[in-house]
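**Q** In the working numbering, the protein residues as written are -2 to 267. Have a look at this one.
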Amino acid sequence: MPDRPENTPEVTGRTRVLGILAHPTDHVKAPPKINRIARERASDAIMVPMNVAPENFEGFVNSLRTVLSFDGAIVTVPFKQAILPLCDELSEQAAAVGAANVIRRLADGRLVGDQLDGVGFLRGLEHAGIQVAGRSVYLVGAGGAANAVAFALAQAGIGRLTLANRSQHKSDELRERLLRHYPTLAVSLGTQDPSGHQLIINGTSLGMQATDPLPLDVTRLTPQMTVAEVVQEPERTALLVAAENVGCRVHLGRHMLEHQVQLMADFLGL
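So, in structure tokens, the structure goes:
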């Protein structure tokens, strides 16, 4: 039997279990970070990947209510929106965004959902010295991560926002929800052309696989643009490589997780 890797938490009968719900789980980066925080905080808890097929997701999540040693989970692709109706309570942010990326199990088995993607993404930009207030932003996607990023950017006071998504009805829905909360924000629907914007963001999972198409027309990028990702693996997606070749400043997807992991640990009770 191989030796236990150095600094791996020792699992006991009292260990609290945390999960990361995804499909697949190969790309997930949070467990080592959360487990390191658990050690730093002397918390007897461990996070493990939970690869759940979409057709089994509802039944699996409901079964977690009965696991007395389960405290909560990070929720990622493709479940950030599917988790909403399975929660008994949602934070104001999760309800507004229409997606949750963390759940906590209460002592009575109820599940509480929250949304930390947006604030994590925004803090990552701020830490890198990328200002968003007053800027023109082009955002690809209208799923869970893109929704969270859009609301965080609106709250931070961007100048205008263009939404580009393959399913226009999802872009329409996101635009309507944004305007309900931020009625003065200039929000328009766009195509694959990011021209005329200062900050370009891929808020989709396109780029995780080598065979994925590019999320936008990279021939329209200019050196004055900053191009940011939410995809964490690979670290430099095809979009970021193309943007670097043009001379754009790029912002990696891992920064979003790095700046929300402490918030996630707090939410999960570590």
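Glycine is no exception: its CB is placed at the ideal position from the N, C-alpha and C atoms. If you're wondering where the values come from, they're calculated on a predicted model, not measured in any experiment.
#1: Between ARG120 and the rest of its own chain, which residues show a CB-CB distance below 6 Å, the 5 nearest in sequence each way excluded?
#2: Please say whether HIS24 and GLU241 have beta carbons closer to each other than 8 Å?
#3: State the DSSP-derived secondary structure class of ARG251, mapped to helix, strand or coil.
#4: Within this structure, are the beta carbons of ASN199 and LEU236 separated by less than 8 Å?
#5: Could you please give the first and the last residue of the uninterrupted beta strand (DSSP E) stretch that includes ALA104?
#6: Hey, would you say ARG11 sits closer than 8 Å to ASP41, going by beta carbons?
#7: Just to confirm the assignment: which complete beta strand (DSSP E) runs, minimum length 3, are found wholly within the region 217 to 247?
#8: Counting along the chain, where does the alpha helix (DSSP H) carrying LEU176 start and finish?
#9: Quick check on THR223: buried or exposed, where buried means 16 or more other Cβ atoms within 10 Å of its Cβ?
#10: Would you kindly work out how many angstroms separate the C-alpha atoms of LEU249 and LEU213, rounded to a whole number?
**A** Put simply:
#1: HIS256
#2: no
#3: helix
#4: yes
#5: Looking at the DSSP string, ALA104 is not in any beta strand (DSSP E), and its letter there is neither H nor E.
#6: yes
#7: 223 to 226
#8: 165 to 178
#9: buried
#10: 17 Å
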